[in-house]
Structures are given as structure tokens and as C-alpha cells.
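The structure under discussion appears below in the form of C-alpha cells.
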Amino acid sequence: MNLPIDKEKKRVAAWLISCCFLVFVMVVLGGVTRLTGSGLSMVDWRPVTGVLPPLSDIEWSKTFAQYRESPEFQKINFMMDMQGFKRIFWYEYLHRLFGRLIGVVFLIPFLYFLVRGYIYRHEWPKYLLMFILGGMQGVLGWYMVKSG
Numbered sequence: 035m036n037l038p039i040d041k042e043k044k045r046v047a048a049w050l051i052s053c054c055f056l057v058f059v060m061v062v063l064g065g066v067t068r069l070t071g072s073g074l075s076m077v078d079w080r081p082v083t084g085v086l087p088p089l090s091d092i093e094w095s096k097t098f099a100q101y102r103e104s105p106e107f108q109k110i111n112f113m114m115d116m117q118g119f120k121r122i123f124w125y126e127y128l129h130r131l132f133g134r135l136i137g138v139v140f141l142i143p144f145l146y147f148l149v150r151g152y153i154y155r156h157e158w159p160k161y162l163l164m165f166i167l168g169g170m171q172g173v174l175g176w177y178m179v180k181s182g
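Numbering (this note's numbering), first residue to last: 35 to 182.
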């Protein structure tokens with residue numbers, strides 16, 4: 035026997051499935067970032083203002099200079115030139131940008147569904163825990179970059 039599922043539950047389910055897909059893509063992107071050695075190419079952690087990449091040659095030079103001061107450059111990539119740096123930079127940039135996207139794709143619909151009553155009061159803690167765990171992944175990423 036099939037029970038009818040109301041539209042609200044279908045919308046919440048579609049949102050959660052979308053978030054799961056985004057997390058899957060993030061894991062793949064993180065794997066590519068790791069395998070290419072790109073993970074520490076962005077030594078400056080700016081979660082809010084760091085959305086835009088370097089846009090001018092001067093900004094690229096400044097960003098590359100910061101990377102040259104990192105232990106990863108000094109121990110592993112000391113032969114890297116600007117072109118090589120740009121190549122690894124983009125993987126890490128996309129990885130961080132995608133992390134922000136996941137946060138927005140989770141938070142905005144969550145708040146919408148909360149206000150509209152699509153999520154029951156007793157379910158709030160589960161969703162908040164998911165959001166907090168996602169945020170903790172970002173904090174862990176920050177720590178990994180900071181610790182080199």
C-alpha cells in the first residue's frame with residue numbers, strides 16, 4: 035500500500051538529496067585537490083571576503099609570495115613557477131568556493147522550510163547538527179591549512 039506523501043515532505047526530501055549530491059561532489063573535488071597537491075595553495079583563510087580569486091597580476095604575485103613562505107612550497111614545491119601555482123590554486127579555490135555553496139544551499143532552504151512549517155519542531159536538532167557538522171568540516175580545513 036502506497037501512502038500519500040505531501041508536497042512539503044517531497045520538497046524537503048529533494049533538498050536533502052540535493053545536499054547529499056553536493057557533498058558527494060565536494061568529496062570528489064577534495065580528492066582531486068588532495069591528489070594534485072593543491073590543498074595548501076591558498077595560505078590565507080578568509081571565509082567571507084575570500085570569495086574572489088586574484089584578479090590582477092599584482093594580486094597573483096602577492097598570493098604566490100604568500101605561498102612561497104609556506105612550508106609546503108619550501109619543502110616540496112620550491113621549483114614551482116607562477117603557472118604551476120595557478121594550476122594548483124584553482125583546485126583549492128573551487129574546493130573552498132564549493133564548501134561555501136553547500137553551506138548556502140543547506141542554510142537558506144532550511145530557514146525557509148523552518149518558517150513555512152515544513153520541518154517539525156522535534157526535527158530541528160537533527161538539521162542543526164547537520165549544519166554544525168558541515169561547519170566543523172570547514173573549521174577542520176582551516177586548521178589543516180593553518181598547521182601546514
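We treat Cβ as the ideally placed atom computed from N, Cα and C, and that holds for glycine. None of these values were measured; they are calculated from a predicted model.
Rounded C-alpha distance that separates residue i from residue j
i, j, result
"Leu-37", "Arg-134", "Only weak support is given to the placement of Leu-37: the predicted model assigns it a pLDDT of 43, under 50, and the question is left unresolved by the model."
"Leu-148", "Met-170", "22 Å"
"Asn-111", "Tyr-101", "10 Å"
"Phe-132", "Tyr-125", "11 Å"
"Glu-93", "Lys-160", "42 Å"
"Met-116", "Ser-104", "15 Å"
"Gly-172", "Gln-108", "25 Å"
"Lys-96", "Met-178", "22 Å"
"Leu-56", "Ile-136", "7 Å"
"Trp-158", "Leu-128", "30 Å"
"Asp-91", "Val-66", "26 Å"
"Phe-98", "Phe-119", "7 Å"
DSSP-derived helix/strand/coil call for residue i
i, result
"Leu-37", "Unreliable placement is indicated for Leu-37, whose pLDDT of 43 sits below 50; no coordinate value is reported for it."
"Tyr-154", "coil"
"Glu-93", "helix"
"Ser-104", "coil"
"Val-173", "helix"
"Gly-3", "As displayed, the chain neither begins before 35 nor continues past 182, which places residue 3 out of reach and without an answer."
"Leu-86", "coil"
"Phe-112", "coil"
Beta-carbon contacts of residue i that lie in its chain and below 7 Å, excluding the five residues immediately before and after
i, result
"Arg-122", "Looking at the sequence shown, residue 122 is not Arg but Ile. Closer than 7 Å at the Cβ level, and outside the excluded window around Ile-122, lie Thr-70, Gly-71, Ser-72 and Ser-75."
Residue i: CB within 6 Å of a non-hydrogen atom of the ligand ATP
i, result
"Ile-136", "Ligands in the displayed structure: none, and consequently the ligand ATP is not present."
Proximal residues to residue i (C-beta, below 8 Å), its chain only, five neighbours per side dropped
i, result
"Phe-140", "Cys-53, Met-164, Phe-165 and Gly-168"
"Ile-51", "none"
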